[in-house]
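Asker: I am attaching a structure below and will ask some questions about it afterwards.
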Amino acid sequence: MKKSHLFLLSFAILSFITSCKKEETEGPGMVAIEFDNRAGSADLELNTTWYKNANNDSMNFSLFKYYVSNFIFNKEDGSSYVVPKDECYFLIDEADETSQEVEFSDIPAGKYISVTFTIGVDSLKSTAPASQRTGVLDVTTHADMYWTWNSGYIFVKTEGTFSQVAGSDFMYHIGGFGGYSSPTVNNLKTITMDFPGAPISFGSNNHKHIHTFVDALKIVNGTTNISVPTTPVVMGGPNAPVIANNYKEMFKIDHIHAE
Amino acid sequence: MKKIYFILLVLLLVQCSKKEDSIPIDKGFVIPDNFPAVKYNLIENPYSNEKRELGRKLFYDARLSRDNTISCGSCHQQFAAFAHAGHRVSHGIDNKLGTRNAPALFNLAWNPLFFWDGGVGDLDFFHVNPIQNPVEMDETIPNIITKLKADNNYAGLFNKAFGSTEITPLRFNQALSSFLISIVSNQSRYDEYLSGNTSALTSVEKEGMELFNQKCAACHSGILFSDFKFRNNGLTTTSDVGRFRVSVISTDSFKFKTPTLRNIEKSSPYMHDGRFTTLEEVLNHYSSGIVKTTTTLDTVLQRNNTLGIPLNADEKSKIISFLKTLTDTKMMTDSRFSEF
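Just so you know, the protein sequences line up as chains R and G, in that order. Counting along the first sequence from 1, when you hit position 177 you're at 1101 in this note's numbering, and nothing is skipped either side. Counting along the second sequence from 1, when you hit position 97 you're at 133 in this note's numbering, and nothing is skipped either side.
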């Protein structure tokens, strides 16, 4: 008897505290992340502009697309807000401006220091039934981002030319979620971008816009520089993990401003 | 004694009822008691005979190819256990050739991975492969959906199968899967023997079975006659690196999935590239044709520092006699799986 009284009492106190807090607390806020594709220090423009990478190779991009997923916003106090999985898969396409800004409408108010996300589509989603893969994950409407022969999404895909000479095309298609029942290559990369000027307040009075630069040249520049004329095509194989290690460095927050 | 009379009575009744049922009841997809757990996701796509029937129509519909000339059934023939009789590698649109042998299709509900290299893990995501492959059907699923919508018959079939006339890629894939999983092969003479009829196999075939269990069952194991693992079986290599292509793990080089041996008599040619035409050639390979030109040759094939599996001519012939008892004529003539 005593125990249950104690339980009820503590419950009452707890709910009192919670309800008091609610009145004071700011509601959840909206956070947008803009993926602004770049080539080195310049803005990325498809087809029209030539860029030089670290090897001094020329590159003209005709396509640049990638999946980002599983966003987690990390708070100053060490806790974090995990965006519901179903709202968390995005396909950023340089050719489609509407794809380049992703919005999260319900981020609890608080002071945040960084955002964590996955480049690609995690293994659980990559093996989920077709009915659970809609929108950007529908492999019939986004067949160009899916390997049918080695079931799995292409995480990062870029194509273009490296010289005016005909046939000088480069193609980098990187995927690999780790396999169904037997292991296969795993090129999933989870990265954390620190917020400049952290902590940043999110909340109903603090809608924020995170302007992120994504440097396409990092695909071939980084831990291991890839010579584009020597290795113009990578679609799986031993160079895919090398490129995945490079492109995990391509995301960097430029600035955060109020929305 | 009473017991015997009772059994006789039951037998008599069974016999009678069998005669009366001139048309067998279509029980659809039945999971045999002695098979392992089904791998296919039946919760996501529950089986129905209506889905199977729609899937059967799609399987034999040449509009699944770019120029409407090739259906799934073109390269997966029922009389060949749904393999491609007489074709070393897949033979597709515009007379183009693939690089690997079209496998037999049955008991697919138990397959953990598809393709010789296991690149696909979900049957619903398999069908797009031969469809999009430029040397097979060279078509896209959205195009196929458009073609199907133009045919009034399909709306009714989709309605029966899925409860509305809507034709979608998901339903298309699920119907094909339902048809494919319904093709169960478990009515061979060997299965009859397993069910208790010891006279279903001859004494030579039983000797062959014993030899098979000693010499072959390390890989071709269990009721499905495959361990579904990837193994390098000592063939001279080609540019096809097998499992390595999907795993990018060097120890997977030149490994291919162990194929089932059910209906093997009818699904010639053999090996991932169809290089052998007869079972004799296959057994000769295992006894004296194994080469060790790679580091990934299976350990089973190099025991006691000897390459291959020791087999004499008599043993080979007995093993082949046994393998022929795995032929399931009922499955290969079942009208539920036929084109017409």
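All residues carry an ideal CB built from backbone N, CA and C; glycine is no exception.
Report yes if the CB atom of residue 221 of chain G is closer than 7 Å to the CB atom of residue 298 of chain G, and no otherwise.
Answerer: Yes; because the gap between Cβ atoms is below 7 Å, this pair is in contact.
Asker: Please report the residue range of the beta strand (DSSP E) in which residue 318 of chain G lies.
Answerer: No beta strand (DSSP E) holds residue 318 of chain G; the alpha helix (DSSP H) holding it covers 315 to 320.
Asker: With distance defined between alpha-carbon atoms, name the residue in G:242, G:139, G:219 and G:96 nearest to residue 83 of chain G.
Answerer: That would be G:219, whose Cα lies nearest to the Cα of residue 83 of chain G.
Asker: Taking 7 Å as the threshold (beta carbon to beta carbon), is residue 1108 of chain R in contact with chain G?
Answerer: By this cut-off, residue 1108 of chain R is an interface position.
Asker: On a CA-only basis, which of G:303, G:140 and G:134 is nearest residue 166 of chain G? Give me that one, please.
Answerer: Ranking G:303, G:140 and G:134 by Cα distance to residue 166 of chain G puts G:134 first.
Asker: By the criterion of Cβ-Cβ separation under 7 Å, what are the contact partners of residue 1064 of chain R in chain G?
Answerer: In chain order: 177, 178 and 205.
Asker: Taking beta-carbon pairs under 9 Å, can you tell me which members of the region 144 to 166 of chain G lie near chain R?
Answerer: Listed by position, the residues of the region 144 to 166 of chain G near chain R (Cβ gap below 9 Å) are 148, 149, 150, 151, 153, 154, 155, 156, 157, 158, 160, 161, 162, 164 and 165.
Asker: Mind listing, in chain order, the continuous beta strand (DSSP E) runs of no fewer than 3 residues lying wholly within the region 983 to 1014 of chain R?
Answerer: As far as the region 983 to 1014 of chain R is concerned, its whole beta strand (DSSP E) runs of at least 3 residues are 1004 to 1006.
Asker: Using a Cβ cut-off of 7 Å, pull out every chain R residue sitting near residue 80 of chain G, in sequence order please.
Answerer: Within chain R, the residues near residue 80 of chain G are 1053 and 1055.
Asker: Exposed or buried, residue 945 of chain R, counting other C-beta atoms within 10 Å across all chains shown (16 or more means buried)?
Answerer: Low per-residue confidence applies at residue 945 of chain R: pLDDT is 49, beneath 50, and the placement is therefore not dependable, though the value from the model is reported in the following sentence. Counting Cβ neighbours within 10 Å, residue 945 of chain R comes out exposed, since fewer than 16 surround it.
Asker: Please identify, using Cβ separations under 7 Å, the residues of the region 333 to 353 of chain G that lie next to chain R, in order along the chain.
Answerer: The region 333 to 353 of chain G vs chain R, Cβ under 7 Å: nothing.
Asker: What is the DSSP secondary structure of residue 944 of chain R, reduced to helix, strand or coil?
Answerer: Residue placement at residue 944 of chain R is flagged as unreliable, the pLDDT there being 48, under the threshold of 50; the coordinate-derived value follows with that caveat. Helix.
Asker: Against chain R, does residue 113 of chain G count as a neighbour if the rule is that its beta carbon must be under 7 Å from one of theirs?
Answerer: By this cut-off, residue 113 of chain G is not an interface position.
Asker: Are the C-beta atoms of residue 188 of chain G and some chain R residue less than 7 Å apart?
Answerer: Residue 188 of chain G does not count as touching chain R.
Asker: With a threshold of 8 Å, are at least 3 pairs of Cβ atoms found where one atom belongs to the region 1016 to 1033 of chain R and the other to the region 1164 to 1174 of chain R?
Answerer: Touching, no, given that fewer than three Cβ pairs across the two stretches are closer than 8 Å.
Asker: Do the region 61 to 69 of chain G and the region 174 to 192 of chain G make contact, defined as three or more Cβ pairs closer than 8 Å?
Answerer: Touching, no.
Asker: Just to confirm the assignment, what range does the alpha helix (DSSP H) spanning residue 949 of chain R have?
Answerer: Run containing residue 949 of chain R: none; DSSP gives neither H nor E here.
Asker: Using only alpha-carbon positions, find the residue among G:369, G:319, G:208 and G:339 that is nearest to residue 348 of chain G.
Answerer: Measuring from the Cα of residue 348 of chain G, the nearest candidate turns out to be G:319.
Asker: DSSP three-state label for residue 1073 of chain R, please.
Answerer: In the structure shown, residue 1073 of chain R sits in coil (DSSP, three-state: anything other than H, G, I, E or B).
Asker: Residue 1177 of chain R by DSSP, collapsed to three states: which one?
Answerer: Of the three classes helix, strand and coil, the one that applies to residue 1177 of chain R here is strand, per DSSP.
Asker: State yes or no: is the C-beta of residue 1090 of chain R within less than 7 Å of the C-beta of residue 963 of chain R?
Answerer: Cβ distance not < 7 Å, so residue 1090 of chain R and residue 963 of chain R don't count as in contact.
Asker: Consider the Cβ of residue 1074 of chain R: report whether some Cβ of chain G lies at a distance smaller than 7 Å.
Answerer: It does: the Cβ of residue 1074 of chain R has a partner Cβ on chain G nearer than 7 Å.
Asker: For a test of the three-state rule: what should DSSP assign to residue 106 of chain G, helix, strand or coil?
Answerer: Three-state result, residue 106 of chain G: coil.
Asker: Figure out for me which residue from G:333, G:226, G:102 and G:370 has the closest Cα to the Cα of residue 272 of chain G.
Answerer: The residue with the shortest Cα to Cα distance from residue 272 of chain G is G:333.
Asker: Report yes or no: do three or more beta-carbon pairs, one from the region 238 to 257 of chain G and one from the region 114 to 125 of chain G, lie closer than 8 Å?
Answerer: The answer is no - the region 114 to 125 of chain G does not touch the region 238 to 257 of chain G, with fewer than three Cβ pairs under 8 Å.
Asker: Please name the residues in the region 288 to 311 of chain G whose beta-carbon is closer than 9 Å to at least one beta-carbon of chain R, in chain order.
Answerer: Hits within the stretch, in order: 288.
Asker: Which of the three DSSP states, helix, strand or coil, is assigned to residue 83 of chain G?
Answerer: Three-state result, residue 83 of chain G: coil.
Asker: Given this structure, state the Cα-to-Cα distance separating residue 79 of chain G from residue 1125 of chain R, to the nearest angstrom.
Answerer: Approximately 44 Å, taken between the alpha carbons.
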